[in-house]
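As structure tokens, the structure follows; a few thoughts come after it.
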Amino acid sequence: MARPADFAWLRGGFAEATPEEKQNYAAALKWLDACRAANRQRILAKLEAMGISDPERGNGWSASGICGAMAERPSIDIYSDYAEFSATVKSTRAPFDAMLAAIDLAEKYSSPHSDSLADALLHRPLAEQVLRNAVAWIDAPPDSPGVPALSDKQKPIFRALLFAEIGRRDETNTTWLKQVVQQQGWPTISRVGKQAAGNAWLLAQHADRDPAFQLQVLRLMEPLMENGEVSSRHYAYLYDRVMLKLTGTQTYATQVTCKDGKYIPLPLKDKAAMPDLRRSVGLEPFETYLEYFFTPCS
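So the sequence shown is numbered by our numbering: it starts at 1455 and just counts up by one.
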């Protein structure tokens, strides 16, 4: 089986590929479809065990493991042949690998000062936050300060590498957080502090490849929110994230999409009630919320 981050497996998608390469490419795509379908069935089984019998199937669900990484592949339509594609991959890996090296150094020199859960949580999101901020590089204007110059043919490759790495880091963080929750319960504000508790929520918010775990966290957070042990804002964000997967609608309009060059909320359960519901959990008006988005909408 092809290595997920090794785009050499895409060779069979080019017109000049040999019959064997085309056959291997078709087999890889078939395997990927089967892997994603099996992943979806595992998610459905976990949710059913938690009392969710008919979730919104596939809405917002991401494949995990190897098939998740392979799914993050660049479109090859814009490259004249495999030679051009391969050369572009090589040139794109240079800034990408430099970024990963910088992240590794930052993690090394900012490692936790103690064995406490609070210190571990303060350190844990560093890499995934750097990677998510790097998404803005893809659509950054030319000559933007601090942003690597990427050609139009490099950008799809950089994006694929970036999102595959984000997915890998998210899965690692999810596995770690699940162990924490199993052994110690949900990290509350009184136990780990406000910032560390917020970081625990952030890791759960990005555990999209494990919707059952996100639902578990939501259920743990709900009673804790009532006595101030978790942020009501954080609960609202995770609630919308989970409900979009399970029902196809959200309540607090925390999750948005782009339409006609403008950010709009993903489907709402009750559009008229949304402003009051946002206020009830301490969220700013939706129009103010949109001002925080720094990534262009296109």
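Where is the CB? At the ideal position from N, CA and C, for every residue including glycine.
Which residues in the same chain have their Cβ closer than 7 Å to the Cβ of residue 1720, if we skip the five residues on either side of it in sequence?
1698, 1704, 1709, 1710 and 1711
Go to residue 1626, then tell me how far its beta strand (DSSP E) extends in each direction, as first and last residue.
Element bounds for residue 1626: not the beta strand (DSSP E) but the alpha helix (DSSP H), 1609 to 1638.
Simplified DSSP assignment, three categories, for residue 1719:
DSSP places residue 1719 in strand when its eight states are reduced to three.
Decide if residue 1563 is buried, meaning its Cβ has at least 16 other Cβ atoms within 10 Å, or exposed.
exposed
According to DSSP, residues forming a beta bridge with residue 1711
1718
Quick check on the DSSP output: the alpha helix (DSSP H) that includes residue 1573 runs from which residue to which?
Where residue 1573 is concerned, the enclosing alpha helix (DSSP H) stretches over 1571 to 1577.
Among residues of its own chain, excluding the 5 on either side of residue 1639, which ones have a beta-carbon nearer than 8 Å to its beta-carbon?
1674
Which two residues bound the contiguous alpha helix (DSSP H) that contains residue 1693?
1686 to 1700
Check whether residue 1653 and residue 1579 have beta carbons under 8 Å apart
yes
Residue range of the alpha helix (DSSP H) that residue 1670 falls in?
1665 to 1680
So, using beta-carbon positions, are residue 1412 and residue 1522 closer together than 8 Å?
Outside the displayed span of the chain (1455 to 1752) sits residue 1412, for which this structure offers no information.
How about residue 1670 and residue 1692: are their beta carbons less than 8 Å apart?
no
Out of 1478, 1690 and 1633, point me to the one whose CA is closest to residue 1659's CA.
1690
State buried or exposed for residue 1627, treating a residue as buried only when at least 16 other CB atoms are found within 10 Å of its CB.
buried
Spell out the partners DSSP gives residue 1704 in its beta bridges.
1722
Nearest candidate by alpha-carbon position, reference residue 1665, set 1633, 1572 and 1493:
1493
What's the gap between the Cα of residue 1602 and the Cα of residue 1590?
When only Cα atoms are considered, residue 1602 and residue 1590 end up about 11 Å apart.
Residue 1740 beta carbon less than 8 Å from that of residue 1729
Yes, the pair counts as a contact, with Cβ atoms nearer than the cut-off.
Measure the alpha-carbon distance for residue 1526 versus residue 1465 and round it to whole angstroms.
16 Å
Closest by C-alpha distance to residue 1558, when choosing among 1571, 1585 and 1546:
1585
Determine contact between the segment 1483 to 1503 and the segment 1566 to 1573, defined as no fewer than three beta-carbon pairs at a distance below 8 Å.
Too few Cβ pairs lie closer than 8 Å, so no.
Going by other Cβ atoms of all chains shown within 10 Å of its Cβ, with 16 needed for buried, is residue 1505 buried or exposed?
exposed
C-beta atoms of residue 1715 and residue 1751 nearer than 8 Å:
A contact, by the Cβ cut-off of 8 Å.
By how many angstroms is the C-alpha of residue 1657 removed from the C-alpha of residue 1536?
38 Å
Separation of residue 1471 from residue 1577, as counted between CA atoms:
46 Å
For residue 1595, the three-state DSSP class (helix, strand or coil)
coil
Once DSSP output is grouped into helix, strand and coil, what is the label at residue 1462?
helix
Under three-state DSSP, which class holds residue 1517?
coil
Between the C-alpha atoms of residue 1731 and residue 1655, what's the straight-line distance to the nearest angstrom?
C-alpha separation (whole angstroms): 20 Å.
Selection from 1482, 1561, 1594 and 1599 that minimises the alpha carbon distance to residue 1583
1561
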